[in-house]
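Right, one structure below, let's go through it.
Residue numbers (my numbering): 20 to 288.
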């Protein structure tokens with residue numbers, strides 16, 4: 020499937036050491052314009068609602084490389100504005116992985132409002148010193164607040180740092196915010212956050228050319244190309260496709276609050 024990828028990088032010189040020992044915090048505002056699925060004004064909640072389902076385990080059967088392994092899924096649902104959102108944690112937790120876990124297509128997915136756009140099976144990826152966070156077992160997935168704000172916290176005890184990925188929804192807002200916070204256990208020389216989306220629909224599934232595009236304030240990245248851009252001047256990105264609109268779920272948007280960390284946009288075929 021054709022996708023668009025955005026990678027946010029910090030390095031030893033770029034990371035900011037805060038007094039509470041969080042060396043990196045990024046806010047990623049993720050917005051899907053799937054308005055046909057949105058609640059009407061009368062149906063919108065008065066505050067910010069957040070529900071967390073019980074963990075669900077299933078057998079992977081003959082999934083390649085994971086024969087009869089145990090797969091874990093857990094989903095949280097947000098309702099706070101015109102668009103409902105959901106965040107899902109997914110990983111193979113079978114003991115065959117020797118204390119680690121094995122994400123399949125990813126480990127933090129967004130199944131609502133659409134399966135495409137910010138990808139339902141894995142749209143957010145974090146690595147520390149080149150090590151992928153997702154192979155570390157999830158320590159906790161908790162509702163931190165509901166009402167005035169809807170806050171979901173996912174926490175990992177990685178060998179490099181304790182990592183908290185927090186999703187926040189504010190009443191009446193049209194997007195979901197995300198903060199990545201670190202508590203170092205050893206020297207951190209690099210942090211990268213990667214985002215994956217299939218804007219508008221799954222073109223390859225329909226055997227269609229997607230003509231993927233990423234529009235930022237200062238650049239247009241077309242399918243098959245890659246661009247590394249200065250964050251300050253490219254603080255938002257619109258991900259869309261020029262083909263297949265009869266199937267479309269319409270574009271998605273990314274807004275960044277990252278200072279001057281470099282961004283690498285990859286528009287894949």
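The beta-carbon is built from N, C-alpha and C at its ideal position, and this holds for glycine as well.
Label residue i either buried or exposed according to how many other C-beta atoms from any shown protein chain fall within 10 Å of its C-beta, with 16 as the threshold for buried.
{"i": "residue 110", "result": "buried"}
{"i": "residue 70", "result": "exposed"}
{"i": "residue 260", "result": "buried"}
{"i": "residue 31", "result": "For residue 31, the predicted structure reports a pLDDT of 33, less than 50, and the residue's modelled location is therefore unreliable. The matter cannot be settled from this model."}
{"i": "residue 98", "result": "buried"}
{"i": "residue 87", "result": "exposed"}
{"i": "residue 159", "result": "exposed"}
How is residue i classed by DSSP in three states: helix, strand or coil?
{"i": "residue 116", "result": "helix"}
{"i": "residue 251", "result": "coil"}
{"i": "residue 39", "result": "Since pLDDT at residue 39 reaches only 29, below the 50 mark, its modelled position is unreliable, and no value is offered."}
{"i": "residue 235", "result": "coil"}
{"i": "residue 192", "result": "coil"}
{"i": "residue 179", "result": "coil"}
{"i": "residue 64", "result": "coil"}
{"i": "residue 207", "result": "coil"}
{"i": "residue 256", "result": "strand"}
Residue i and residue j: beta carbons closer than 8 Å?
{"i": "residue 65", "j": "residue 93", "result": "no"}
{"i": "residue 67", "j": "residue 183", "result": "no"}
{"i": "residue 210", "j": "residue 157", "result": "no"}
{"i": "residue 171", "j": "residue 162", "result": "yes"}
{"i": "residue 153", "j": "residue 140", "result": "no"}
{"i": "residue 168", "j": "residue 189", "result": "yes"}
{"i": "residue 100", "j": "residue 63", "result": "yes"}
Relative to the C-alpha of residue i, which residue among the options is closest?
{"i": "residue 124", "options": "216, 100, 149", "result": "216"}
{"i": "residue 231", "options": "194, 116, 136", "result": "136"}
{"i": "residue 179", "options": "208, 214, 246, 167", "result": "208"}
{"i": "residue 107", "options": "79, 75, 251, 200", "result": "75"}
{"i": "residue 235", "options": "80, 114, 253, 81", "result": "253"}
I'd like the ranges of any beta strand (DSSP E) spanning at least 3 consecutive residues and lying wholly in the stretch 71 to 153. 75 to 78, 89 to 98, 104 to 111, 127 to 131, 143 to 147
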